[in-house]
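A.B. asks: Let me begin by handing over the structure; questions about it come next.
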Amino acid sequence: MLLLGLSAARVTCGRLRRPGCAFSNARGVSSGRALRAEERATIHFVDRDRKRISVNTVTGVSLLDVVVNHNLDFEGFGACEGTLACSTCHLIFDEQIYNTLLTDTSIADEEMDMLDLAYGLTPTSRLGCQVCVSKALDGVIVRLPEAVTDARKANDKDSAP
Amino acid sequence: MAVKQTVSESKCYLAQARDDVVVDVYERLPVPFGLVRFGVAPDHPEVKNVINTFTQTAQHERCFFHGNVNVGTDVSVEELRKAYHAVVLSYGAEANRSMGVSGEDLAGVFSARDFVGWYNGLPSNKELQPDLDCETVVILGQGNVALDVARILLSPLQMLKATDITQHALDALAASRVRRVLMVGRRGPLQIACTIKEVREMINLPDTRADMLPADFEGISETLKDLPRPRKRLTELIMKTVEMQSGEHEAERRWGFRFLRSPMKVLPGADAKRAAGIRLAVNKLESSGEDAKAVPTGETEDLECGMIISSIGYKSLPLDPCVPFDPRNAIVPNKMGRVQDTAGLYCSGWVKRGPTGVIATTMNDSFDTARMLLKDLDSGILDLSVKKPGGSEITALLRERGGRTVSFSEYEKINLEEVRRGIALGKPREKLLDVREMLAVAWS
């Protein structure tokens, strides 16, 4: 039953394994911490137009996985498919949840490096591909950064593609 | 509508937003994806994952790719505007800014654009044959392109062998005598244009060590606390590198930054044909922060080197006389993507904003232009009541002129062939370098 739950959810493997995030290899065998069969959580996404979309998901997958598996139509979200090569899965958390996430694991340099390029970077920003859904995130509200138009200077670095 | 192709293939999101919209994408080469294929470094395959998103878009039932069409010579923008309700220019910046110094045309001087094109398989750069039989390479510029070039020059061959770098580049790098790469910038450490991920990669590059001048960082630590987080972390990392380098073992390959230097003249060697060094003007900074200006002090400094690569920015070119062009900024003048004084013509990406930013930047910009276009469709500014022939008229015109396009599924034959050739070499693909060969495969 555990494995069925996993194979139904497409997992975008982050470059870094997050504790609690399960990764299935080609044969559908899971590794990482064992999931309790019925463990689910509700995540409330607030999109760029301030619309709220609530999703009930299995735990143990990343927030990027949730967006992908539930076909949430966020423009350009997760362009690099969870490999820490872009910042398009940027999500903004409430301070309390942000700090809770930090007590589990500190943010890796590689995630911080990509976050530094994100539009609308805040002190409580994370990359969705590096944050795992757990019971602790049940009911949490995560916001997408607001739509950015031409005047984006603050975080825009001159760089190659 | 017609779209002149680029990374903003996400323009096909237009096809998804309304079910009466058809999007045709015109591209000069037989292959799509632009800089994602020809610009992203071979050792950054994850950055190219976005190709999967673009492929999905290109395969949308109302989106059609037409490769092998040179807009401006095979078909004019005017003809496109007659055939479509809207035309979007997203043809990027194919030229490079030149240093504008004497000696720039000596052997051994290259633009980063050409050098990158050479190792990435851009057909027009396949004959470049850069001579890597020298110890020091000086790169003008300190953006991510400069760092890509430095990293490719200094990477252990083992790391490059399993990438999609072109075989001829791999062979040249195997025989390379290059051991030291200096990236030179006009301004100071606080204005460096590269991003932290790329600097971290250089630091972690096996068998190399940093070669910085501690004096360049005097007075910087006091300013750190007031910097925005991205700039602060980047500066701290570079300074840590300076600290560490004194304790480092003698790795054979070295890389470093040189600051407050502008190119003045390329110095020829004894034969007067090849570059043997570069004369640099010494600068000082006026004001501070991101807008600090480099001002010459009158002093100069010479650096000995066997190759010079200028990585000081790309530049868009004018496409067609009927399209307004701002030569000073090298962009198509526009307001939020609507081309100035030209109804039904839009632009997006580097040709609209100038040639800076990562894929996500340009992708978001395309979404902005697409939204503007959709707004104009909805409001009636673009009059859909007039029927337009679209692609059928353009392909007919091209046929009359002896041309033939490459469809997306025909491009996929090129893709498969490249992957097939790569397998034999233990690489994800071996790119086809010759346009005629690409066409032969596409139309086989």
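So the sequences go chain by chain: D and F. 171 is the number that our numbering gives the last residue of the first sequence; the numbers go up by one with no jumps. 485 is the number that our numbering gives the last residue of the second sequence; the numbers go up by one with no jumps. Each residue gets a CB set at the ideal place from its N, CA and C atoms; glycine is no exception.
1) Mind pulling the chain D residues with CB within less than 8 Å of HIS85 of chain F?
2) As a quick exercise: from F:THR402, F:VAL482, F:SER351, pick the residue whose alpha carbon is nearest that of LEU188 of chain F.
3) Quick check: VAL143 of chain D and VAL71 of chain D, are their CB atoms within less than 8 Å of each other?
4) Got a sec: is the Cβ-Cβ distance from ASN245 of chain F to anything in chain D below 8 Å?
5) Along the chain, which unbroken stretches of the alpha helix (DSSP H) at least 4 residues long are found entirely within the region 396 to 437 of chain F?
6) Is there contact between the region 108 to 122 of chain F and the region 284 to 299 of chain F, where contact requires at least three CB pairs shorter than 8 Å?
7) Going along chain F in order, which residues have a C-beta closer than 8 Å to the C-beta of ASP57 of chain D?
8) Which residue wins for smallest C-alpha separation from VAL157 of chain F, given the options F:ARG220, F:ILE206, F:GLY347?
9) Between the region 104 to 128 of chain D and chain F, which residues of the former have a C-beta closer than 8 Å to a C-beta of the latter?
10) Do the region 216 to 234 of chain F and the region 173 to 181 of chain F touch if we need at least three Cβ pairs shorter than 8 Å?
11) Within the same chain, show all residues whose beta-carbon is closer than 6 Å to that of GLU120 of chain F, passing over the 5 residues directly before and after it, in chain order.
12) Distance, Cα to Cα, VAL112 of chain F vs ARG440 of chain F?
13) When Cβ atoms are compared, which residues of the region 84 to 115 of chain F fall closer than 9 Å to chain D?
14) With a CB to CB cut of under 8 Å and the five nearest residues on each side skipped, what residues in its chain are close to LEU308 of chain F?
15) May I have the straight-line CA-CA distance separating VAL187 of chain D from VAL65 of chain D, to the nearest angstrom?
16) Express the C-alpha separation of TYR108 of chain D and ALA79 of chain F in angstroms, rounding to a whole number.
17) Mapping DSSP to helix, strand and coil, what is ARG153 of chain D?
18) Using CA coordinates, which residue listed in F:ALA311, F:LEU268, F:ASP212 is at the minimum distance from GLN199 of chain F?
19) Mind pulling the beta strand (DSSP E) runs of 3 or more residues that sit fully within the region 268 to 326 of chain F?
20) In three-state terms, what does DSSP make of SER137 of chain F?
21) Given a cut-off of 8 Å on the beta-carbon distance, is the pair ASN90 of chain F and GLU91 of chain D in contact?
22) For a contact meaning CB atoms closer than 7 Å, what does ALA322 of chain F contact in chain D?
23) With a CB to CB cut of under 6 Å and the five nearest residues on each side skipped, what residues in its chain are close to SER152 of chain F?
24) Whose CA, out of F:PRO86, F:PRO171, F:SER407, F:GLY347, lies closest to the CA of GLY310 of chain F?
25) Hey, LEU201 of chain F and PRO83 of chain F: beta-carbon distance below 8 Å or not?
C.D. replies: In brief:
1) Scanning chain D for C-beta atoms nearer than 8 Å to the C-beta of HIS85 of chain F yields ALA95, reported in chain order.
2) Among F:THR402, F:VAL482, F:SER351, the Cα nearest to that of LEU188 of chain F belongs to F:SER351.
3) Their beta carbons are under 8 Å apart, which means VAL143 of chain D touches VAL71 of chain D by this criterion.
4) Chain D, which has no Cβ nearer than 8 Å to the Cβ of ASN245 of chain F, makes this no.
5) Listed in chain order, they are 400 to 420.
6) They do not touch, by the three-pair rule.
7) Proximity of chain F to ASP57 of chain D at the Cβ level (cut-off 8 Å) is not reached, the minimal Cβ distance being about 13 Å.
8) Distance check between VAL157 of chain F and each of F:ARG220, F:ILE206, F:GLY347 places F:ILE206 closest, using alpha-carbon atoms only.
9) Under the 8 Å Cβ criterion, the region 104 to 128 of chain D contributes ASP119, GLU120, MET122, ASP123, MET124, ASP126, LEU127.
10) Short answer: they touch.
11) Exclusion of the five residues before and after GLU120 of chain F leaves no residue of its chain whose Cβ lies closer than 6 Å to its Cβ.
12) VAL112 of chain F and ARG440 of chain F: Cα-Cα distance of roughly 14 Å.
13) Going along the region 84 to 115 of chain F in chain order, one finds HIS85, PRO86, GLU87, VAL88, LYS89, ASN90, VAL91, ASN93, THR94 with a Cβ nearer than 9 Å to chain D.
14) GLY144, ALA316, ALA317, GLY318, ILE319, ARG320, ASP343, listed in sequence order.
15) Here chain D comprises residues numbered 11 to 171, so residue 187 of chain D is not present and cannot be evaluated.
16) A small fix is needed here, since residue 79 of chain F is Phe in this sequence, not Ala. Straight-line Cα distance between these residues: approximately 39 Å.
17) In the structure shown, ARG153 of chain D falls within a strand segment according to DSSP collapsed to helix, strand and coil.
18) That would be F:ASP212, whose Cα lies nearest to the Cα of GLN199 of chain F.
19) You should have 294 to 299, 302 to 309.
20) A quick correction: the sequence has Asn, not Ser, at residue 137 of chain F. Here ASN137 of chain F sits in strand by DSSP.
21) A contact, by the Cβ cut-off of 8 Å.
22) For a Cβ distance threshold of 7 Å, nothing in chain D lies close to ALA322 of chain F: the least Cβ distance comes to about 21 Å.
23) For SER152 of chain F, same chain residues with a beta-carbon under 6 Å away, outside a window of 5 residues either side, are ASN137, SER351 in chain order.
24) Taking GLY310 of chain F as reference, the option from F:PRO86, F:PRO171, F:SER407, F:GLY347 with the minimal CA-CA separation is F:GLY347.
25) Going by C-beta atoms, LEU201 of chain F is nearer than 8 Å to PRO83 of chain F.
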